[in-house]
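Just so you know, we're using this note's numbering here: the sequence shown kicks off at 7 and counts up by one. By construction, the Cβ of each residue, glycine as well, lies at the ideal position given by its N, Cα and C atoms. Below you'll find the structure, written out as structure tokens, and then a few comments.
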Amino acid sequence: MSKLLYSVSVSADGFIAGPGGDMSWLAPFTGPNPLVDDLIGQVGAILAGNRTFRGDDPYRDTDNEGEAFGGGWEGPQFVLTHHIPETPVPGVEFAGDLASAVAAAKAAAGGKYVNVLGADVARQCLEAGELDEVLTIVTPVLLGDGVRLFAHPGGTNIRLEQLGVSHVPHATNIWYRVAR
């Protein structure tokens with residue numbers, strides 16, 4: 007059965023995007039990462055939020071702009087949104103509710119990971135008991151403001167169990183399981 011994995015690059019101060027959703031900060035840190043390279047082959051589908059799908063791209067103005075994992079992955083993509091476009095987008099299905107988006111993405115993943123992209127979708131999956139694992143790729147930069155890795159108004163206490171840690175020159179990878 008497919009698991010949901012929130013994999014995300016994050017600044018050392020906990021932001022996944024800068025102010026206004028800016029992702030340009032990430033470009034210097036997209037170098038080789040054996041853990042990510044291995045993960046790409048384990049992803050069967052992507053579940054993204056609308057802001058992530060339509061948002062800023064760290065690969066802007068390159069041949070890999072708009073491509074998942076910088077062009078290293080191809081497959082079914084599902085976007086959770088309240089604003090389903092009238093014109094179809096090739097390779098992308100849109101869903102108006104979390105349950106149907108998760109079910110469709112899991113079915114399409116064929117036993118591989120559903121890679122969750124976007125802080126709000128990850129939070130919704132976590133709150134619904136659907137998120138299984140979290141991979142944070144911590145980069146050596148401080149952004150000071152932007153989109154937090156995880157935000158829960160009023161706070162919460164969700165335990166994570168560390169599965170592994172690895173290092174590359176431009177990042178530290180920390181893989182967790184969501185404790186149940």
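With respect to Glu139, Arg183 sits close: the two C-beta atoms are nearer than 8 Å. Secondary structure remark: continuous beta strand (DSSP E) runs of at least 3 residues inside the segment 72-152, in chain order: 83-86, 98-101, 119-123, 139-145. For Leu11, the enclosing beta strand (DSSP E) begins and ends at 10-17. Per DSSP, reduced to three states, the secondary structure at Arg154 is strand. Checking the DSSP bridge columns, you'll see Ile52 partnered with Gln83, Asn121.
Residue state for Arg186 is assigned as coil, using DSSP reduced to three classes.
A residue is called buried when at least 16 other Cβ atoms come within 10 angstroms of its Cβ; Ile22 meets this threshold and is buried.
With distances taken between CA atoms, Thr36 lies nearest to Ser17 out of Gly26, Ser17, Leu53. When C-alpha distances from Gly20 are compared across Leu169, Trp181, Val171, Leu148, the shortest belongs to Leu148. Ile164: not part of any beta strand (DSSP E); DSSP gives it neither H nor E.
Contact between the segment 37-57 and the segment 85-99 is established, with three or more Cβ pairs separated by less than 8 Å. In terms of Cβ geometry, Ala114 and Gly50 form a close pair [threshold 8 Å].
Secondary structure note for Asp43: its alpha helix (DSSP H) is the uninterrupted segment 40-46.
Counting every other CB atom within 10 Å of its CB across the protein chains shown gives Ser172 a total below 16, marking it as exposed. In this structure, the beta-carbon distance from Gly117 to Ser8 falls below 8 Å. Within the same chain, no residue comes within 6 Å of His158 by CB-CB distance, once the 5 residues on both sides are set aside.
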